[in-house]
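Under my numbering, think of the first position of the sequence shown as 740, with each following residue one higher.
To start, the structure itself, in structure tokens.
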Amino acid sequence: MTTSPGLSIIPGNYPSLVILLLILKDTLAMNSVRTTSHHPELDDWSGRVAVACPELKTLKTLWVFGYGSLMWKTGFAFEEMKRCYVKGYKRRFWQASTDHRGTPKFPGRVVTLVPDEKCTTWGCAFRVANKDRDYVIRYLDEREKGGYSQTVETAYGMDDEEVARVLFYVGTKENKAYVHEPSDEDTAYIIARAVGPSGANVDYLMHLFNFMSKKEIEDPHVTKLVALVKKQQTELKDS
Numbered sequence: 740m741t742t743s744p745g746l747s748i749i750p751g752n753y754p755s756l757v758i759l760l761l762i763l764k765d766t767l768a769m770n771s772v773r774t775t776s777h778h779p780e781l782d783d784w785s786g787r788v789a790v791a792c793p794e795l796k797t798l799k800t801l802w803v804f805g806y807g808s809l810m811w812k813t814g815f816a817f818e819e820m821k822r823c824y825v826k827g828y829k830r831r832f833w834q835a836s837t838d839h840r841g842t843p844k845f846p847g848r849v850v851t852l853v854p855d856e857k858c859t860t861w862g863c864a865f866r867v868a869n870k871d872r873d874y875v876i877r878y879l880d881e882r883e884k885g886g887y888s889q890t891v892e893t894a895y896g897m898d899d900e901e902v903a904r905v906l907f908y909v910g911t912k913e914n915k916a917y918v919h920e921p922s923d924e925d926t927a928y929i930i931a932r933a934v935g936p937s938g939a940n941v942d943y944l945m946h947l948f949n950f951m952s953k954k955e956i957e958d959p960h961v962t963k964l965v966a967l968v969k970k971q972q973t974e975l976k977d978s
């Protein structure tokens, strides 16, 4: 027996041992949330393309709506660009990325659009020449193969006028790379550390944020993640 009022671990001091075990359990639980284990079901997207939308065939002119990397890294020729928005969606970093901004052992996080009737998402629409239509669709289907599906909606301009019916790509809740409502803190933890074939995850976030700032597009979710990721980077430097 010990008469020490403290909780140092010595034989017979079972309360201190229990407390330390509980602390260790909580620490392990937190780490399991903030680190990303191997995802064998996400290993190989090769040979796949984005899920097709039948309505795409009805578009006489192809407008492509970008809300993520397509805004700052379009990757195809276009004849016109307009700042616009789509209704009923919110932008979220809730799509795991193993083929661009992460790996199967440590998937990064990229944006998708999540249905929300109360929200609108601003981005940019790109008008594609008819001669380039088939090529651009094939290019985007390959680029967005990592869990995304073609979607067609109406885009609206600065004065709420209809711009066009636009094609964009969404990682739906049913796709296997969708991350179900993670906390912003855990998402920032991953973005600060993940790296994939297309580069560091943090570069994706900052390119998106900087482009949106230049176009005067505000998004509290993106802005908050930038602040959280910068905090993570500071902690990494100090560790």
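Virtual Cβ for every residue (Gly too), placed ideally from N, Cα, C.
Remember, it's a predicted structure, so these values are computed and weren't measured experimentally.
Item	Value
First and last residue of the uninterrupted alpha helix (DSSP H) at M951	940 to 953
Q971 to R848 span [Cα, whole Å]	15 Å
Beta-bridge partners of E892, as assigned by DSSP	V905
Rounded straight-line distance, which links the Cα of K953 to that of M897	16 Å
Candidates D925, H919, L852, D923: closest to Q889 by CA position	L852
Cβ pair count under 8 Å reaching 3, the stretch 923 to 938 against the stretch 871 to 883	no
Buried or exposed (CB count within 10 angstroms, at least 16 for buried), S978	exposed
Top-ranked residue by Cα proximity to Y806, from R866, D899, M951, T973	M951
Whole-number beta carbon distance between Y917 and E883, since they are thought to touch under 8 Å	Their Cβ separation, rounded to whole angstroms, is 14 Å, which puts E883 and Y917 out of contact at 8 Å.
Residues that DSSP places opposite Q834 in a beta bridge	V849, Y917
For D873, three-class secondary structure by DSSP	helix
Whole-angstrom distance between V965 and P979, CA atom to CA atom	Summary: the structure shown does not reach residue 979, with the chain confined to residues 740 through 978, and so no result is reported for it.
Own chain partners of A835 with C-beta closer than 6 Å, once the 5 adjacent residues on each side are dropped	P846, A916, V918
E957 (DSSP reduced to helix, strand or coil)	coil
Residue nearest to R787 in terms of C-alpha spacing, selected from D838, D899, T926	D838
Beta-bridge pairing of F817 - partner residues as DSSP gives them	DSSP output for F817 lists no bridge partner at all.
Sequence-distant residues of its chain with Cβ nearer than 7 Å to V902 (five each side left out)	K821, C823, A864, A894, Y895, G896
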